[in-house]
Amino acid sequence: MSSHRLASGGLVDRAQPLSFSFDGEARSGFAGDTIASALIANGVKLVGRSFKYHRPRGILTAGSEEPNALVELRTGARREPNTRATTAELYDGLVATSQNRWPSLRHDIGAVNDWLSGFLVAGFYYKTFMWPAKLWEAVYEPLIRRAAGLGRAAGAEDPDHYEKAFAHCDVLVIGAGPAGLMAALAAGRAGARVILADEDFRLGGRLLAERYEIDGKTGVDWAAQVEAELASMPDVRIMRRTTVTSVFDHGQYAAIERVNDHVPVPPEHEPRHRLWKIVAKRAVLAAGALERMIAFGNNDRPGVMLASAMRAYINRYAATPGRRIAVFTDNDDGWRTAADAHAAGIEIVAVVDSRAEPPGEFKALGVKAITGALITHVHGTLGVEAIDVIEHGRTTKIECDALAVSGGWNPAVHLTCHLGGKPVWTEEIAAFTPGTLPPGMHVAGAANGALTLAQCLTGGMAAGAMAAVECGYPMASIALPRADDEPASITAFWRVKESRAKAFVDFQNDVTVKDIALADREGFSAVEHLKRYTTLGMATDQGKIANVSGLAILAELSGRSIPDVGTTTYRPPYVPVSFGAMAGHHRGRDFRPIRLTPSHRWASAQGATFVETGPWLRAQYYPRADEKDWLETVNREVRTTRGSVGVCDVSTFGKIEIEGADAAVFLDRVCANTFSTLSVGKARYALLLREDGFVMDDGTVARLAPERFVMMSTTANAVRTMQHLEFCHQVLWPSLDVQLVSVSEQWAQFAIAGPRSRDVLRKLIDEKYDVGDKALPHLGAREVTVGGIGARLYRLSFSGELAYELAIPARYGDAMIRAIMAAGEEFGIAPYGTEALGAMRIEKGHVSGNEINGQLTARDLGLGRMVSGKKDCIVRLCL
Amino acid sequence: MRIPCPFCGSRGNDEFTYLGDASVRRPDPAAPDAMRAFHDYVYLRENPSGLHQELWFHGSGCRSWLIVTRNTRTHEVSEVKLVGRGGEA
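Protein chains in written order, with the numbering used here: chain A, 1 to 879; chain B, 1001 to 1089.
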């Protein structure tokens, strides 16, 4: 049995012991532990060093709001820095390492910063590293970053994969504490499609950490019973280990699911994390509340812990942070910790209450109560050894090995603010509660400022039922479970003025009361300025513990009221989200889909080098064994094409069919040049301009029938051109009788160019079609058949030679290229890639793709004369 | 954001492309002040705080151009309709 594990109780599975290591030392825990609870059970207090002063730090909380206990989890390529030990589930063989210390956690050279702290006050960097300016990037910043740090990234490619997923529901319930469970139950019983998401691996929220009774059962049993009912409902989905991080417009929510962080290696084909986009008609926010600290001297020593966290470790994990515990509180909650620790047989040396009159309910407890008193100082460096208590001006030193602190509760209003809602100060509970809510969101329970159990159950039920009704379901009949409201009075108290040692407000950024006072003195007294100047509320915890205390202290120091000071902006995400999850499968080769041409397989077999053009992979050139570099290859391809015949896959060009009685009128309007005069069986170069007169795209339009045209656009602009034509058709001239359809994917198209190209074609095109100069002159276009298959033949040249483009349904593309190569063998045909294509275009003086960059007009490209003088187009005005 | 497409129902905004103000009308190129009118048509847009009629293209859906009435302060979408039913500009 580990030194600080209680003999009985808790929700850990004592039948499943797990071994793990922290900083190389072997430790043991149980299934159901977090790293933090297992470390506490092992008697470990010191778990990290702070960001700036390298102060020794312990575990402050039992949840995702943890500012201190950040560890590097796992090793090698799977090493993950800044993992909160308070949420990381223990598994057998887990390896965790402390951060930001050298050479070791107990003896950290960087701790010298603590002695230099007189210099390292808020704004130190801004004031000190001012000049010479060029040294900032080269010298100062790298040095500061190395000294003030968090964990190290793995430095190797992540071997795991991550994915994105989508879900839709009627009611999204965020948080599975008493309010969330009731909301899910009410909505579920009404028949709504419900998603219940909770960041913990076990449902119940604070019920797991308290000794509450509901309906005559323990809170834990009640939660399990509700969970069982929810799990039996076909339209209710329970998402564990899932934190809803962000609220977006129109009922969209982002959530991060830690699918496999609780196992050593994710099972094959399973992701580590999954990033959810949840679309919900209604949401019930039941995210609970976060307990806050009080600022007093050395309040950051390992062993100082939030009172609620201490209760969680004792009740849920049967692990005690100390054997002789003191409590410091300004509200009734601290007393509950004393009562629970007392019940677990742990000695309570004193309960220090800043109020003169503590609640009567706890008098029977029989622990030493010091009321109207404050803790000014914590003794001990690597762990709490004693506290100084000041009572009526007299200071007493009391020995203890752990200290629980409760400064009151801050409702987790974060998600209510993501669309611009501002929380409002509620004097009754001395905390900010939700203000204007995002459309479709209800708030219930502690998140709504209803801090006590019966209120949570009532509020949750009402919100869940209301949400379901708003989605069109009937009001569910559901009995409210029996439970009592526990005492919860508070007289908010923020800082102990009598303290001389550093009194921390933001533990993660080492911001003290003094720093806030300095910021205020120097004029940074707007709350957003305070944040930027002192870094209060930044980094991985985003000030979940610190923010409200910080602004309350600022209010006190500057003689303003708390609502007057206001809060900083709560931005998404609520908890850190891994980059892997944001990228999902879109990394490396899978960054975006790759499109392959119909001749790709054949070209690969030829040993072609490929190049990305937009989403396409096109053959760049076809090197031969005896060629020493790409230039030699490209020169040969050009020479062969110019001298005999070459073939190039041009299927990537956009192809748009334009049909209808007004098709010609439409083309006249969308193109800079005229098409109504184009005769059937002919093609013409086409220039498309944007509304501002700049060139949007170029290509070719062929008239296959009086009312049927096909437009070929460039590869890069195929999508944009289609969108533009849709715009012209639907928005500008909806009365024109014309239909558009993109057929880019339907046709494989090959350019066959060079003096022998007609000879090659003659062998391919079915006999009955004349491909002679008369029947198919320059810029001719006609429908033909190849082996009985309908094809289109255009006599187009972008390379200055006799040249054709042959289009055939895409599924025959592979066969076609092989047939072309076979037919051209006797003429020495060579396939050519995009390099040779570009070279020949430029030699001909033709516009090349790179010139259509949105910055050139027709005149810039030497095409000014093409722009029809009769056009109602802006270009004419520009010219 | 989500946009209720008249054909496809409520869809995520990643399926749509934004163009801008739907209230601008292409001027008559034959008008004497066509140069100035076209300049304004191409370059000048209001930037209202509040209701805004704007063009969105449902490119990953039905390929319709839509006129979406959106509150630029709240992103609330109050009306979505197909363009082109009001005759030519």
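Glycine residues also receive a C-beta, built at the ideal position from the N, C-alpha and C atoms.
Kindly say whether residue i, judged by its beta-carbon, lies nearer than 8 Å to any beta-carbon of chain B.
i	result
H269 of chain A	no
L415 of chain A	no
G862 of chain A	no
L688 of chain A	no
R859 of chain A	no
L732 of chain A	yes
E726 of chain A	yes
H250 of chain A	yes
In angstroms, rounded to a whole number, what distance separates the CA positions of residue i and residue j?
i	j	result
A192 of chain A	M233 of chain A	10 Å
T785 of chain A	R792 of chain A	8 Å
I214 of chain A	K544 of chain A	29 Å
I935 of chain A	V352 of chain A	For residue 935 of chain A there is no data in the structure shown, the boundaries of chain A being 1 and 879.
A190 of chain A	G1050 of chain B	37 Å
G862 of chain A	G699 of chain A	16 Å
Y794 of chain A	A705 of chain A	14 Å
L116 of chain A	K277 of chain A	47 Å
L1019 of chain B	W1056 of chain B	6 Å
I553 of chain A	M293 of chain A	12 Å
I516 of chain A	V548 of chain A	13 Å
M722 of chain A	D860 of chain A	24 Å
K45 of chain A	G58 of chain A	5 Å
L736 of chain A	H729 of chain A	7 Å
D23 of chain A	Q508 of chain A	21 Å
P358 of chain A	R394 of chain A	20 Å
V1080 of chain B	A479 of chain A	43 Å
M997 of chain B	G1012 of chain B	Absent from the model: residue 997 of chain B. The displayed extent of chain B is 1001 to 1089, so no value can be given.
R642 of chain A	Y832 of chain A	11 Å
P132 of chain A	A138 of chain A	11 Å
M466 of chain A	L143 of chain A	55 Å
Q749 of chain A	E1054 of chain B	38 Å
V389 of chain A	R495 of chain A	14 Å
What distance in whole Å lies between the Cβ atoms of residue j and residue i, which are believed to be in contact at a cut-off of 8 Å?
i	j	result
P438 of chain A	V247 of chain A	5 Å
H414 of chain A	V284 of chain A	The pair is not a contact, with the Cβ atoms about 15 Å apart (cut-off 8 Å).
Y1041 of chain B	V1068 of chain B	Going by Cβ atoms, the distance from Y1041 of chain B to V1068 of chain B rounds to 20 Å, so no, they are not a contact pair.
E783 of chain A	A753 of chain A	In fact, because the Cβ distance is near 21 Å, the residues do not count as touching under 8 Å.
R1045 of chain B	D1021 of chain B	5 Å
Please decide whether residue i counts as near chain A, where near means a Cβ-Cβ distance under 8 Å.
i	result
G1009 of chain B	no
P1006 of chain B	no
T1072 of chain B	no
A1089 of chain B	Bear in mind that a pLDDT of 39 at A1089 of chain B, under 50, signals an unreliable position, so the number given afterwards is only what the model happens to contain. Output row for A1089 of chain B: interface = yes.
G1084 of chain B	yes
T1069 of chain B	no
Given 7 Å as the limit, tell me if residue i has its C-beta closer than that to any heavy atom belonging to the ligand NAD.
i	result
D330 of chain A	With respect to small molecules bound, the structure shown includes none, and the ligand NAD cannot be examined in it.
Item to check | Segment contact, 8 Å Cβ cut-off, at least three pairs: the segment 817 to 833 of chain A with the segment 769 to 783 of chain A | outcome: no
Item to check | Interface positions of the segment 734 to 763 of chain A facing chain B (Cβ-Cβ less than 8 Å), listed along the chain | outcome: P734 and S735
Checklist entry - Can you list, in chain order, the residues of the segment 1050 to 1066 of chain B whose Cβ is nearer than 8 Å to any Cβ on chain A? => result L1055, F1057, G1059, R1063, S1064 and W1065
Checklist entry - When Cβ atoms are compared, which residues of the segment 1030 to 1051 of chain B fall closer than 8 Å to chain A? => result A1030, A1034, M1035, F1038, Y1041, V1042 and Y1043
Item to check | Proximal residues, the segment 152 to 176 of chain A versus chain B, C-beta separation under 7 Å | outcome: Listed in sequence order: no entries.
Checklist entry - Does the segment 500 to 507 of chain A come close enough to the segment 317 to 331 of chain A that 3 or more CB-CB pairs lie under 8 Å? => result no
Item to check | Residues in the segment 663 to 696 of chain A having any Cβ partner in chain B nearer than 7 Å | outcome: E691 and D692
Next on the checklist: Is it the case that the segment 486 to 499 of chain A contacts the segment 329 to 346 of chain A, given that we only count it when at least three CB pairs across the two stretches are under 8 Å?
Outcome noted: yes
Item to check | Sufficient close CB pairs (3 or more, under 8 Å) joining the segment 387 to 405 of chain A to the segment 74 to 83 of chain A | outcome: no
Checklist entry - What residues from the segment 488 to 518 of chain A come within 8 Å of chain B, judged by C-beta to C-beta, listed N to C? => result none
Checklist entry - Looking at C-beta atoms only, is the number of pairs between the segment 222 to 241 of chain A and the segment 172 to 184 of chain A that lie closer than 8 Å three or more? => result yes
Next on the checklist: Counting only Cβ-Cβ distances shorter than 9 Å, please list the residues of the segment 708 to 723 of chain A near chain B, keeping chain order.
Outcome noted: V719, M722 and Q723
Checklist entry - Are the segment 449 to 458 of chain A and the segment 472 to 485 of chain A touching by the rule of at least three beta carbon pairs closer than 8 Å? => result yes
Next on the checklist: Using 8 Å as the cut-off, can you tell me whether the segment 810 to 818 of chain A makes contact with the segment 596 to 614 of chain A, which would need three or more C-beta pairs spanning the two stretches below that distance?
Outcome noted: yes
Next on the checklist: Count Cβ pairs between the segment 40 to 54 of chain A and the segment 10 to 29 of chain A that sit closer than 8 Å; are there 3 or more?
Outcome noted: yes
Next on the checklist: Within 8 Å, do at least three Cβ pairs link the segment 1 to 9 of chain A to the segment 79 to 99 of chain A?
Outcome noted: Under the Cβ criterion (8 Å, minimum of three pairs), the segment 79 to 99 of chain A does not count as touching the segment 1 to 9 of chain A.
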